[in-house]
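The next block holds one structure in the form of structure tokens; read it before the comments.
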Amino acid sequence: MSHDVGGQLVPGRIPRGQHPFMPWEMRVDALMWVLTDPSRPGGPQMTVDELRYGIESLAPEDYRRLGYYEKWLLSMIEILARHGVVDAAALERRAHEIALERAHAHP
Amino acid sequence: MSARFAPGDSVRVAHRGVAGHVRTPQYIRGRCGVVEQVHGAFRNPEHLAYGIRNGPAVELYRVRFPLQDVWPSADSSLDSLDVDLYEHWLEPVGA
Numbered sequence: 006m007s008h009d010v011g012g013q014l015v016p017g018r019i020p021r022g023q024h025p026f027m028p029w030e031m032r033v034d035a036l037m038w039v040l041t042d043p044s045r046p047g048g049p050q051m052t053v054d055e056l057r058y059g060i061e062s063l064a065p066e067d068y069r070r071l072g073y074y075e076k077w078l079l080s081m082i083e084i085l086a087r088h089g090v091v092d093a094a095a096l097e098r099r100a101h102e103i104a105l106e107r108a109h110a111h112p
Numbered sequence: 003m004s005a006r007f008a009p010g011d012s013v014r015v016a017h018r019g020v021a022g023h024v025r026t027p028q029y030i031r032g033r034c035g036v037v038e039q040v041h042g043a044f045r046n047p048e049h050l051a052y053g054i055r056n057g058p059a060v061e062l063y064r065v066r067f068p069l070q071d072v073w074p075s076a077d078s079s080l081d082s083l084d085v086d087l088y089e090h091w092l093e094p095v096g097a
């Protein structure tokens, strides 16, 4: 499992600095709090355990390449699609549209 | 549900390869340690990971391992490592 790295030697030094959070990263964090809120009517939409399992299930190359909140987001999309809350294909289409709009706005 | 182990008990971590979500790191499987603290019973993350929220609660323990046993090259005979482990991962070690 690519995530279970305890005790393994890694090349180079582990960067220990902290970068400022991007607005989208804070939104992903906030969304997770809303989705796992036990006081939500009908109970939480998902659990942190599901989030973790989703992250662990990413392809090893994605697990190594993606940033912390990118992994969260991919896992959340996968879970919410499975729960029938979001349509993954529609999400993909909308992301593509936004990318095109941005490309036109800032050529 | 009552805890099978008490502080001071020697335990071995199951040497099990399991697909899917577990909270027992690879490096501690098969190692022997001593129960330091009984945390109480919690819902099993190995169920919660799959959206099963009404499963039975499982006792959770803080188990202490000599660091030298886990990583012989660490050269730290005075250090120890504490790991939180669920009861179904622990086996008794003969006293």
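Protein chains in written order, with the working numbering: chain B, 6 to 112; chain G, 3 to 97.
Even glycine gets a Cβ: it sits at the ideal position worked out from N, Cα and C.
From a predicted model like this one, the values you see are computed outputs, not experimental measurements.
Assigned with DSSP and collapsed to three states, B/Gly59 falls in helix.
With a contact defined as Cβ atoms closer than 8 Å, G/Gly10 and G/Val37 qualify at about 7 Å. By the criterion of at least three beta-carbon pairs nearer than 8 Å, the region 84-92 of chain G is in contact with the region 61-72 of chain G. In this structure, DSSP gives B/Leu14 a state outside helix and strand, which the three-state scheme calls coil. What B/Glu66 touches in chain G, judged by beta-carbon distance under 9 Å, is nothing: the nearest beta carbon there is about 19 Å away. For B/Ser44, no alpha helix (DSSP H) run applies, since DSSP gives it neither H nor E.
Contact check between the region 23-41 of chain G and the region 72-89 of chain G: three or more CB pairs, one atom from each, fall below 8 Å, which counts as touching. One alpha carbon belongs to G/Tyr29, the other to B/His8, and they sit about 13 Å apart.
Around the beta carbon of B/Tyr73, fewer than 16 other beta carbons lie within 10 angstroms, which makes this residue exposed.
At a cut-off of 8 Å between beta carbons, G/Gln70 makes no contact with chain B.
Around B/Arg69, no beta-carbon contact reaches into chain G at under 8 Å, the shortest distance being about 17 Å. Around the beta-carbon of B/Arg70, fewer than 16 other beta-carbon atoms lie within 10 Å, marking it exposed. Its Cα nearest to that of B/Leu56, the residue G/Val24 stands out among G/Leu87, G/Val24 and G/Leu69. Linking B/Ser44 to B/Val33 through their CA atoms gives a straight-line distance of about 19 Å.
Under DSSP, G/Val36 takes part in a beta bridge, and its partners are G/Ser12 and G/Arg66. DSSP places G/Glu89 outside any beta strand (DSSP E), giving it a letter other than H or E. Excluding residues up to 5 positions away in sequence, His23 lie with their Cβ nearer than 6 Å to the Cβ of G/Ala51 in the same chain. Where B/Pro65 is concerned, the enclosing alpha helix (DSSP H) starts and stops at Pro65 to Arg70.
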